[in-house]
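Protein sequence lines correspond, in order, to chains A and B. Residue numbers for the first sequence follow the numbering used here, beginning at 2 and rising by one. Residue numbers for the second sequence follow the numbering used here, beginning at 37 and rising by one. Take a look at the structure below.
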Amino acid sequence: MMKLSLGPILWFWDKCTVFDFYARAAEWPIDTVYLGETVCSRRRELKPDDWFALARDLKSCGKKVVLSSLTLIESEADLRGLRRICEQDDFLVEVNDQSALQLVTAREIPFVTGPAMNTYNAATLKVLAGKGLQGWCLPVELSRHTLARLIQELEAEGLDLPAEVFSWGFLPLAWSSRCFTARHYNLPKDNCEFRCLQHPDGLSLRSRESQELFRLNGTSTLSGSRYDLLRQLPAMADMGVSTVRLSPELQGMEAVVQRFDTARRGKVPAFDPLALTEAPPCNGYWYGEPGMDRVARTNAD
Amino acid sequence: MELVCPAGSLPALKTAVDNGADAVYFGFRDNTNARQFAGLNFNDKRAAEGIEYAHKAGKRVFCAINTYPQPEGWQQWTRAVDRAAALGVDAIILADMGLLEYAANKHPDIPRHLSVQGSATSYEALRFYKDNFDIRRAVLPRVLSLDQVRGVARQSPVELEVFAFGSLCIMAEGRCYLSSYLTDESPNTRGACSPAKAVRWQETPSGLESRLNEVLIDRYGPGESAGYPTLCKGRFEVESQTYHAIEEPVSLNTMDLLPELQKLGISAVKIEGRQRSPSYIADVARTWRQALDGLARQPDQFEVQQNWQETLSGLSEGGLTTLGAYHRKWK
Chain A
2 MMKLSLGPIL WFWDKCTVFD FYARAAEWPI DTVYLGETVC SRRRELKPDD
52 WFALARDLKS CGKKVVLSSL TLIESEADLR GLRRICEQDD FLVEVNDQSA
102 LQLVTAREIP FVTGPAMNTY NAATLKVLAG KGLQGWCLPV ELSRHTLARL
152 IQELEAEGLD LPAEVFSWGF LPLAWSSRCF TARHYNLPKD NCEFRCLQHP
202 DGLSLRSRES QELFRLNGTS TLSGSRYDLL RQLPAMADMG VSTVRLSPEL
252 QGMEAVVQRF DTARRGKVPA FDPLALTEAP PCNGYWYGEP GMDRVARTNA
302 D
Chain B
37 MELVCPAGSL PALKTAVDNG ADAVYFGFRD NTNARQFAGL NFNDKRAAEG
87 IEYAHKAGKR VFCAINTYPQ PEGWQQWTRA VDRAAALGVD AIILADMGLL
137 EYAANKHPDI PRHLSVQGSA TSYEALRFYK DNFDIRRAVL PRVLSLDQVR
187 GVARQSPVEL EVFAFGSLCI MAEGRCYLSS YLTDESPNTR GACSPAKAVR
237 WQETPSGLES RLNEVLIDRY GPGESAGYPT LCKGRFEVES QTYHAIEEPV
287 SLNTMDLLPE LQKLGISAVK IEGRQRSPSY IADVARTWRQ ALDGLARQPD
337 QFEVQQNWQE TLSGLSEGGL TTLGAYHRKW K
C-alpha cells in the first residue's frame, strides 16, 4: 500500500496553530511528516528547537519525520539555519536547494529531495543516488508519462529510489527574493509586519476577469487551483509510486487525509462536501497539459 | 570583466563581436536551450560559421544547453552536448545535473559553465557543482542583492558571471513553473516562458487585451503602451486592487554597479536577449563596451555617462530600468 505524507506547511501560521495542527495530525493515518520552514527565512514563529521538539514528539507517535530545508537560500544567515538542519543525525533531511545538497553530501548523510529540486531524468537521480539520495519527490510540472519512465529507468539501473508525488493542495510554483505579500501592502520586505499571518491560505491573485490564477504566499507563488490527484491513486499504485504527498491546509485537512487513506486502500471515496477554502480543482500537470487545467479522464486513458 | 553578449542568430553574433563582446553565447534551434523562439538560434552549419567568425576576431563562444531533459528527450540533449563539443565551442552552459555529469565524463576538456537555470544562490551550492562536475564558472541568479552577491563572491570556488542588462526574471531561475501552469511549456521543460504560440491579442471595447492560453494577462487603455504578455508582468487583482502584483514591465540595468562588481572579482557581465534584433545587440554591446573600457581606464573615477543610460533606457521594456534585487529596496 502506498504511504501518505504530509508535506511541509507552506503558509505562515502562528506557533499555537502549528502545534495544534500537528497534535491533530499525530492521530491521522499519515506515515511521513515533513517539518520546517521552506518558504521565508523571516518566518520564525517556531525556532529551530521548536521544530526539533515537534519532530521528536511526532516520531514518538510513530510517524516518520523528515526535516525540510528552505527552498531559496540567499544569505549567510540562511546558511546558518540550513546547517542546523543538515548537521544533525536524528532525522532525515529533505533537500530543497543545492546549498542543502552540498551540506548533506559533504557530510555523507542520507537525504531525500523535495519537489523544487530539478530531478527531471534518471541520470540526475543516479548522480544523487551515488551521494546518498534515499527518495525523491516528482517536480510538480512533470507528467505521469515522465514519472512512469523515470521509475522504469531507475528499476532498470537497479536503483531503489522510492518516488513521492505531490498529490493534493496548492502547488508551489515559484520562489523570489521579493515578497509579494509585503508588496501588496506596500511594505518593505524587511519590515513586512508579518502580514502573511493574516492569510493562512495565501492571498488570491485573480485575472481581471476574476479567474483564480495564483496564490501569493510571501516570497512564494502557488497555484490558484488546488491540485487533486485522488482519482489517479490507482494509476500511481500501478506505476510503483511509493508515497502520496498532501500539502497542509488549515481547514478540513483531516477529511482530506481520510479520503486519501480510503482511496489508497482501493476504495473510491464518496463525494462528501469538504470544508475547504474555495478553489477550483486542477490536475493538468499529471496529464502533460497546462497545470491549471482540469482533465476529466478515467484511469483507463 | 568580460562582456558576454547574446546571439540569437548569425547576424546578431557577428554584430555582437563587431561591437565589443568578449564572448557570445548561442543555443541550437530546438528546446535544448532556454530561449526557444520560432526562427531563432542555430543549426550546426550556422553555428560553425559563427564560431569561426568569433574566433578569428579573438572572441570566445559559449553554447547554452540549459533546459532540463526528461527521459524522452535525453538522447537529444546529450547529442546537443556532443554537437557543441564537435563544433569547438569554448564552453558549454549547462543546468541539469545529469547532463553536467555527461559533459564532464564525455568531454572533460571543454569548460562547463553553470547556467543561471542551475539555481545556485550560495557558495555552498557552487561548491556542489564545482566538487561534482568541476564547473569553471557560474551565472548567478538575479534574485540576490549586492550584499548577497558579495557574500557569494568572497567564498566562491568558481568564476562568477552576473546579469548586467536585459529582461528581468523576478523568480529564482530554474525553479519557476508559472509558465507551464498557464500553458504547457516552461523554461525548464521547453526553454520557453509565456510562449508566443499561447499569446492572443484582441481589441475590445474596454481596450487592447493580451491573453496567454486565454488567461487575461493585461488590458491596455488608450495611450498605454502594450508589452509582450510575460505572465509575471501582467496586471492582476488582489483583494480588489488591480496592479502589477508580481512585477512591472521593466528591464534590469546594473551599469551603476560596475565598479562594485569589479571590486568583488566578478569575471563577466552578461547581457540577456537572444530574442533581440541585431541592431539592439549592436547598441547594447557598444554601450557596455564603452562602459567597461571606461572602468578599465579609471577604476576609481568611473562615472556612468548620461548618453549610455539614455541608450539603454530607450532599449528597455516600458523605457524603464531597475537595479532589481541588487538594490535591497526592490524586494
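C-beta: ideal position from N, C-alpha, C; glycine also.
Nearest-angstrom Cα separation, counted from residue j out to residue i
i	j	result
G170(A)	D98(A)	21 Å
V251(B)	T357(B)	27 Å
R186(B)	V175(B)	14 Å
A200(B)	S177(A)	19 Å
A301(A)	R295(A)	The predicted position of A301(A) is uncertain, since its pLDDT is 45 and thus under 50; a value taken from the coordinates is nonetheless stated next. Each residue's alpha carbon lies about 17 Å from the other.
A52(B)	A107(A)	41 Å
R25(A)	P9(A)	15 Å
E255(A)	W29(A)	7 Å
A70(B)	G154(B)	12 Å
L148(A)	Y288(A)	11 Å
D51(A)	T263(A)	32 Å
E165(A)	H280(B)	35 Å
A139(B)	V117(B)	7 Å
L267(B)	S215(B)	7 Å
L244(B)	L162(A)	51 Å
Q345(B)	V128(A)	45 Å
T220(A)	E108(B)	33 Å
K268(A)	V242(A)	18 Å
E46(A)	Y213(B)	28 Å
P335(B)	P295(B)	7 Å
E156(A)	W137(A)	14 Å
C-beta neighbour in chain B for residue i, strict 7 Å
i	result
R179(A)	yes
Y288(A)	no
H200(A)	no
I110(A)	no
N119(A)	yes
P49(A)	no
R209(A)	yes
V128(A)	yes
P291(A)	yes
W169(A)	no
S100(A)	yes
E142(A)	yes
T125(A)	yes
T147(A)	yes
Short CB-CB distance (under 7 Å) between residue i and chain A
i	result
E284(B)	no
I171(B)	no
V179(B)	yes
K142(B)	no
G257(B)	no
A156(B)	yes
Sequence-distant residues of the same chain with beta carbon closer than 8 Å to residue i, five excluded per side
i	result
N79(B)	F64, R65
E308(B)	P42, F199, F201, G202, S203, L288
S192(B)	Y159, L162, A174
I152(A)	A164, M240, G241, V242
S242(B)	R255
DSSP bridge partner residues for residue i (one or two, in chain order)
i	result
M207(B)	S177(A)
C41(B)	V60(B)
C138(A)	E165(A)
H149(B)	I129(B), R173(B)
Given residue i as reference, the closest of the options once Cα atoms are compared
i	options	result
G285(A)	P249(A), S211(A), W14(A), L143(A)	L143(A)
K64(A)	A157(A), L36(A), D50(A), E75(A)	L36(A)
I31(A)	A297(A), V245(A), G289(A), K268(A)	V245(A)
D126(B)	L136(B), Y104(B), Q111(B), A90(B)	A90(B)
E283(B)	D239(A), R179(A), L93(A), V257(A)	R179(A)
L247(A)	S70(A), G115(A), E46(A)	G115(A)
L230(A)	C193(A), S168(A), L93(A), K268(A)	S168(A)
M3(A)	L204(A), R266(A), F13(A)	R266(A)
D167(B)	Q111(B), A83(B), M133(B), Q298(B)	M133(B)
V152(B)	R119(B), R115(B), C205(B)	C205(B)
Any non-hydrogen atom of the ligand MG within 6 Å of residue i CB
i	result
K142(B)	Absence of the ligand MG from the depicted structure is noted, as is the absence of any ligand whatsoever, leaving it without description.
Sequence-distant residues of the same chain with beta carbon closer than 6 Å to residue i, five excluded per side
i	result
R310(B)	P42, G44, R71
L134(A)	none
Nonlocal neighbours in the same chain, by C-beta distance under 7 Å from residue i, ignoring five residues either side
i	result
D79(A)	S42, L71
Contact set between residue i and chain C, taken where Cβ atoms lie within less than 7 Å
i	result
A232(B)	Here chain C cannot be found, since the structure's protein chains are A and B.
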